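What follows is a single structure, written as C-alpha cells, with notes after it.
In UniProt numbering, the protein residues as written are 1 to 247.
So, in C-alpha cells, the structure goes:
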C-alpha cells in the first residue's frame, strides 16, 4: 500500500514498538492515530510528530466502548481509516503449573480481546474502494515452545489464529491481514511483564526502530507474515515441521 496521507491507527503507541512505529509511519508520509492507556505519553508523542499528522486518543484496549470511541475519533479527525496496527500487548511469566488464572485472564483481555475489538470496530470502515489493511503484532513465541511463558504464548497463538481466519474471511472485501512476529526486542516489555521480577533484558535484542521499519515495510508490501530475520523464520518452520526438535 502507498502510505502517503494514509490514516494509521496504532494501539500500544505510547512507548517501545508502538511509538517507533508511529514515527516510522509519519516519516513515510502517513497520518497516525495514537492509542494507549498513558495519556501523558501519547500527548508528548503526538506533539513530537505534529498535530497535523498525529492524534492522541487515550484508550484502554480491553474496554470495547473505548475502542469504538477511538475509531470514531479517528474518523472525525481524518475522515478515514486505512490501516489498523494492533500492537498493544502485555506479557506473563510463570509455568503452567503455577499460572495465575486471574493474571492470564488479564493478559488475554489485552492481547486477544483488545485486537478483536479493534478489528471489529475498524472493519466496516476498511470496506471501501481500495480496501484496507490490518497488521497484528504477535510474537515469535507463538511459534516456539519456550518454558515459563506458556500463558503469554497462548494469547499470541490465539491472535495468530484470529489473523489467519480474518485473512481468509475479509479477502472478498479487499481487506488484507498481515501478522508481524517480533523476536526479542529492546523495550520495557520485560519490565512490564506480569509475574516477572523485572529488570531482565534479553541479550541481542532488536531495537524497536528495527521492528517498526519491518512493520512499515509490511504495510507497503503486504506479506502474510513478517519475520525479523531468516534465523527466526527457519526456527518457526522447524518447529512446525518437527515440533519435538525444539522441545
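We put the beta carbon where it would ideally sit given N, CA and C, even for glycine.
Quantities reported herein were computed from a predicted structural model and do not represent experimental measurements.
Notebook entry, point to check: Of the residues 217, 36, 49, 62, which one's Cα is nearest the Cα of residue 116?
Noted result: The count along the chain shown starts at 1 and reaches residue 116 at position 116. Here the closest residue by C-alpha is 62.
Check: Would DSSP call residue 197 helix, strand or coil?
Finding: Residue 197 sits at position 197 when you count from the first residue of the chain shown. Confidence is the limiting factor: at residue 197 the pLDDT is only 46, short of 50, which leaves the residue's position unreliable and the question unanswerable from this model.
Margin query: On the DSSP letters alone, give me the boundaries of the alpha helix (DSSP H) that residue 248 sits inside.
Written below: With the chain covering only 1 through 247, there is no way to say anything about residue 248.
Check: Looking at the structure shown, is residue 133 part of a helix, part of a strand, or coil, going by DSSP?
Finding: Counting from one through the chain shown, the residue named residue 133 turns up at place 133. If DSSP states are grouped into helix, strand and coil, residue 133 belongs with the strands.
Next item on the list: Tell me, please, which residues DSSP counts as bridged to residue 42.
Entry: The residue you call residue 42 lines up with position 42 of the chain shown. Answer is none; residue 42 lacks a bridge partner.
Check: Do three or more CB pairs link the stretch 88-103 to the stretch 40-53 at distances below 8 Å?
Finding: no
Note to self: If you reduce the DSSP assignment to three classes, tell me which class residue 176 lands in.
What the structure shows: Counting from 1 along the chain shown, the entry for residue 176 is found at position 176. Residue 176 falls in the strand class under three-state DSSP.
Next item on the list: Decide if residue 5 is buried, meaning its Cβ has at least 16 other Cβ atoms within 10 Å, or exposed.
Entry: Along the chain shown, one-based indexing puts residue 5 at 5. Counting other Cβ atoms within 10 Å of its Cβ, residue 5 stays below 16 and is therefore classed as exposed.
Note to self: What does the Cβ neighbour count give for residue 182, buried or exposed, with the cut at 16 atoms within 10 Å?
What the structure shows: Locating residue 182 in the chain shown gives position 182, where the first residue counts as 1. Under this definition residue 182 is a buried residue.
Next item on the list: Please state if the CB of residue 33 and the CB of residue 9 are separated by a distance shorter than 7 Å.
Entry: Your numbering for residue 9 matches position 9 in the chain shown. Your numbering for residue 33 matches position 33 in the chain shown. Cβ atoms of residue 9 and residue 33: closer than 7 Å.
Checklist line | At least three beta-carbon pairs within less than 8 Å, the stretch 216-223 to the stretch 160-175 | finding: no
Checklist line | Cβ-Cβ distance between residue 179 and residue 225 below 7 Å | finding: Start at 1 with the first residue of the chain shown, and residue 179 comes out as number 179. Start at 1 with the first residue of the chain shown, and residue 225 comes out as number 225. Their beta carbons are under 7 Å apart, which means residue 179 touches residue 225 by this criterion.
Check: What do you get for residue 86, buried or exposed, if any count of 16 or more other CB atoms within 10 angstroms of its CB means buried?
Finding: Residue 86 sits at position 86 when you count from the first residue of the chain shown. By the neighbour-count rule (16 or more Cβ atoms within 10 Å), residue 86 is buried.
Margin query: Assuming residue 34 is part of the alpha helix (DSSP H), what are its boundary residues?
Written below: Counted from its first residue, the chain shown places residue 34 at position 34. Segment 31-36 is the beta strand (DSSP E) holding residue 34; no alpha helix (DSSP H) there.
Item checked: Residues bridged to residue 94 [DSSP beta-bridge criterion] -> Residue mapping note: residue 94 aligns to position 94 of the chain shown, counting from 1. Note: residue 94 is bridge-paired with 149 in the DSSP secondary-structure output.
Check: Using CA coordinates, which residue listed in 13, 45, 118, 94 is at the minimum distance from residue 72?
Finding: Indexing the chain shown from 1 puts residue 72 at position 72. Measuring from the Cα of residue 72, the nearest candidate turns out to be 118.
Next item on the list: Rank 55, 82, 77 by C-alpha distance to the C-alpha of residue 1 and give the top, closest one.
Entry: To locate residue 1, count along the chain shown from 1; it is residue 1. Comparing Cα-Cα distances from residue 1 to each of 55, 82, 77, the minimum goes to 82.
Note to self: If the criterion is Cβ atoms closer than 7 Å, does the pair residue 126 and residue 175 meet it?
What the structure shows: Numbered from its first residue, the chain shown carries residue 126 at position 126. Numbered from its first residue, the chain shown carries residue 175 at position 175. In this structure, residue 175 lies closer than 7 Å to residue 126 by Cβ.
Check: When the cut-off is 7 Å and only beta carbons count, does residue 64 lie next to chain D?
Finding: This model lacks chain D altogether, as it is built from one protein chain only.
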